[in-house]
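Trainee: Just so we're on the same page, our numbering is the position in the sequence shown counted from 1, plus 41.
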Amino acid sequence: MSSASITFTWGSEEALWGIVVHGGAGDVPADARERHRAGARAAAAAGASVLAAGGSAIDAVQRAVEVLEDDPVFNAGTGACLNSDGEIELDAAIMEGDGLAAGAVCALPPFRSPIRIARAALDDGAHVLYAGAGAERFAVDKGFTRSSTAEMSSGAARARWEAARLVGGGASGWAGGTVGAVARDARGHVAAATSTGGMTMKKPGRVGDSPVPGAGTYADDAGGAASATGTGESFMRLCLAKTCTDWMRAGMHPQDAARSALALLQRRVGGEGGIILVDRQGRLGLARTTSTMTYAAMSCGDDAPVSGS
Ligand code: GLY
Numbered sequence: 042m043s044s045a046s047i048t049f050t051w052g053s054e055e056a057l058w059g060i061v062v063h064g065g066a067g068d069v070p071a072d073a074r075e076r077h078r079a080g081a082r083a084a085a086a087a088g089a090s091v092l093a094a095g096g097s098a099i100d101a102v103q104r105a106v107e108v109l110e111d112d113p114v115f116n117a118g119t120g121a122c123l124n125s126d127g128e129i130e131l132d133a134a135i136m137e138g139d140g141l142a143a144g145a146v147c148a149l150p151p152f153r154s155p156i157r158i159a160r161a162a163l164d165d166g167a168h169v170l171y172a173g174a175g176a177e178r179f180a181v182d183k184g185f186t187r188s189s190t191a192e193m194s195s196g197a198a199r200a201r202w203e204a205a206r207l208v209g210g211g212a213s214g215w216a217g218g219t220v221g222a223v224a225r226d227a228r229g230h231v232a233a234a235t236s237t238g239g240m241t242m243k244k245p246g247r248v249g250d251s252p253v254p255g256a257g258t259y260a261d262d263a264g265g266a267a268s269a270t271g272t273g274e275s276f277m278r279l280c281l282a283k284t285c286t287d288w289m290r291a292g293m294h295p296q297d298a299a300r301s302a303l304a305l306l307q308r309r310v311g312g313e314g315g316i317i318l319v320d321r322q323g324r325l326g327l328a329r330t331t332s333t334m335t336y337a338a339m340s341c342g343d344d345a346p347v348s349g350s
């Protein structure tokens, strides 16, 4: 394990409101890390401004993830990785801890902000998770405009795909650059959101943990909220996001829950990645087993987001 956890001292142990975002577990080169951290700080600040104005945790995590999806350095929305056909397929989920309402899309063709479509599914309430062509039809019915792989893929994502294709590689072992956010609002509600392009060279139709409630994304006011990043297949096998909220409900500090989750992931299924957590008291926690996981956080009383890799 390269790092069981990042030791992090938050501005306050308990907070009226708080938000933490991640820009994916992976191995960001040293000379690119500040650029990634800047993207994460912008997202945390956007979410924090929702919370500071008395907005809800669900609106805050959506806003933060929208900012990350629009930033092409992350593997979500614009800049998402390409599958083995050279196409973008997107996964996203959003969940609120008050009524356990959730909305998600998976294997979605290119749309600029999948988290907004996931939120539309949550608000619509008929179903939780829409896949593939059905997800596209749902999005169009809700007024979203389809984009294209050419419009949304970044040079870096295409270069990674070309490099993997040249060596005849399958899906890369993880999904670095997945984005997510968890928050607690001033009314004591929590929420989580996660969005990803998945893995470079994944097979068409492959779905990771991010859009699956309980696996990569979960929120329950009784415990807290979680957003994961890393090898999605491993997180799914352990329902790790839900496991963390159960531990927090039982009284575990989010920092201990994050550390324990990553240790469990590695021990039981050999998975790698990271996770961000907030509990019902507004305490934040995060851990990673990869070389980097870009993150930024801000709590009530902080002047600006803090960030790290
Ligand atoms: N954790 C994101 C994915 O595996 O797709």
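Ideal Cβ positions, reconstructed from N, Cα and C, are used throughout, including at glycine. Here the structure is a predicted model, which is why all the values come from computation and not from measurement.
Would T50 be called buried (16 or more neighbouring beta carbons within 10 Å of its own) or exposed?
Mentor: Translated into positions along the sequence shown, residue 50 becomes position 9. With a pLDDT of only 45 at T50, under 50, the local geometry of the prediction cannot be trusted, and no value is derived from it.
Trainee: Please report the straight-line C-alpha distance between S97 and R206, rounded to a whole angstrom.
Mentor: The sequence position of residue 97 within the sequence shown is 56, counting from 1. The sequence position of residue 206 within the sequence shown is 165, counting from 1. C-alpha separation (whole angstroms): 44 Å.
Trainee: If you measure from the CB of F115, is any heavy atom of ligand 1 nearer than 7 Å?
Mentor: Along the sequence shown, one-based indexing puts residue 115 at 74. Not under cutoff, so the answer is no.
Trainee: Which same chain residues, not among the five before or five after P150, have their C-beta less than 6 Å away from its C-beta?
Mentor: Within the sequence shown, the letter at position 109 stands for residue 150. Excluding residues within five positions, the ones whose Cβ falls inside 6 Å are E177.
Trainee: Going by DSSP, what residue range makes up the alpha helix (DSSP H) through C280?
Mentor: As a working mapping, residue 280 is identified with position 239 in the sequence shown. Careful: C280 lies outside any alpha helix (DSSP H) and carries neither H nor E.
Trainee: On a Cα-Cα basis, can you pick out the residue from R228, C122, A174, R321 that is closest to G95?
Mentor: Here residue 95 is taken as the residue at index 54 of the sequence shown, counted from 1. Minimum Cα distance to G95 is reached at R228.
Trainee: If you draw a straight line from the alpha carbon of Y336 to that of S154, how long is it in whole angstroms?
Mentor: Within the sequence shown, the letter at position 295 stands for residue 336. Within the sequence shown, the letter at position 113 stands for residue 154. The alpha-carbon atoms of Y336 and S154 are separated by roughly 20 Å.
Trainee: Applying the 10 Å Cβ sphere with the 16-neighbour rule, what's the burial state of H230?
Mentor: Locating residue 230 in the sequence shown gives position 189, where the first residue counts as 1. Answer is buried; the Cβ neighbour count reaches 16.
Trainee: Residues in its own chain within less than 7 Å of S348 by CB, not counting five upstream and five downstream?
Mentor: For the purposes of this step, residue 348 is identified with residue 307 of the sequence shown, where counting begins at 1. Counting only Cβ-Cβ distances below 7 Å, and skipping sequence neighbours, we find R78, A81, R82, Y336, A337.
Trainee: My assumption, with CB atoms under 8 Å, is that V102 sits in contact with V223. Please give the rounded CB distance.
Mentor: The count along the sequence shown starts at 1 and reaches residue 102 at position 61. The count along the sequence shown starts at 1 and reaches residue 223 at position 182. With a Cβ gap of about 6 Å, V102 and V223 count as contacting.
Trainee: Would you list the residues sitting across from D112 in a DSSP beta bridge?
Mentor: Within the sequence shown, residue 112 is the residue found at index 71, counting from 1. According to DSSP, D112 bridges with nothing at all.
Trainee: Taking only the alpha-carbon atoms, compute the straight-line gap between Q296 and V91 and give it to the nearest angstrom.
Mentor: Here residue 296 refers to the residue found at position 255 of the sequence shown. Here residue 91 refers to the residue found at position 50 of the sequence shown. Going by the C-alpha atoms only, they are around 24 Å apart.
Trainee: Ignore the nearest five residues each way along the sequence and tell me which others in R290's own chain have a CB closer than 6 Å to its CB.
Mentor: For the purposes of this step, residue 290 is identified with residue 249 of the sequence shown, where counting begins at 1. Excluding sequence neighbours, R290 sits near A263, G264.
Trainee: Kindly examine ligand 1 and report whether one of its heavy atoms sits closer than 7 Å to the Cβ of S268.
Mentor: Locating residue 268 in the sequence shown gives position 227, where the first residue counts as 1. No, the beta carbon of S268 sits no closer than 7 Å to any heavy atom of ligand 1.
Trainee: By Cβ distance, which residues of its chain are closer than 6 Å to T190, with the 5 residues on each side in sequence left out?
Mentor: Locating residue 190 in the sequence shown gives position 149, where the first residue counts as 1. Excluding positions up to five away in sequence, the list reads E128, I129, P151.
Trainee: So H63 is in the beta strand (DSSP E); what residue range does that whole segment cover?
Mentor: Position 22 of the sequence shown, counted from the start, is the residue given in the question as residue 63. Residues 59 to 67.
Trainee: Shorter than 7 Å, the distance from the beta carbon of S125 to the closest heavy atom of ligand 1, or not?
Mentor: Residue mapping note: residue 125 aligns to position 84 of the sequence shown, counting from 1. No, Cβ of S125 sits at least 7 Å from all heavy atoms of ligand 1.
Trainee: Quick one: does the C-beta of T272 sit closer than 7 Å to a heavy atom of ligand 1?
Mentor: Indexing the sequence shown from 1 puts residue 272 at position 231. Yes, the Cβ of T272 comes within 7 Å of a heavy atom of ligand 1.
Trainee: Give the C-beta separation of I316 and A269 to the nearest angstrom, bearing in mind that I take them to be a contact with Cβ-Cβ under 8 Å.
Mentor: Position 275 of the sequence shown holds residue 316. Position 228 of the sequence shown holds residue 269. Confirmed, Cβ separation roughly 5 Å.
Trainee: Which two residues bound the contiguous beta strand (DSSP E) that contains G95?
Mentor: Looking up residue 95 in the sequence shown gives position 54. Element bounds for G95: n/a, residue is neither H nor E.
Trainee: From I99 to A167, what does the alpha carbon distance come to, in whole angstroms?
Mentor: As a first step, residue 99 is located in the sequence shown; it is residue number 58 there, counting from the start. As a first step, residue 167 is located in the sequence shown; it is residue number 126 there, counting from the start. Each residue's alpha carbon lies about 18 Å from the other.
Trainee: What I want to know is whether the C-beta of M136 ends up closer than 7 Å to one or more non-hydrogen atoms of ligand 1.
Mentor: As a first step, residue 136 must be located in the sequence shown, where it is residue number 95. Checking every heavy atom of ligand 1 against the Cβ of M136, none is found closer than 7 Å.
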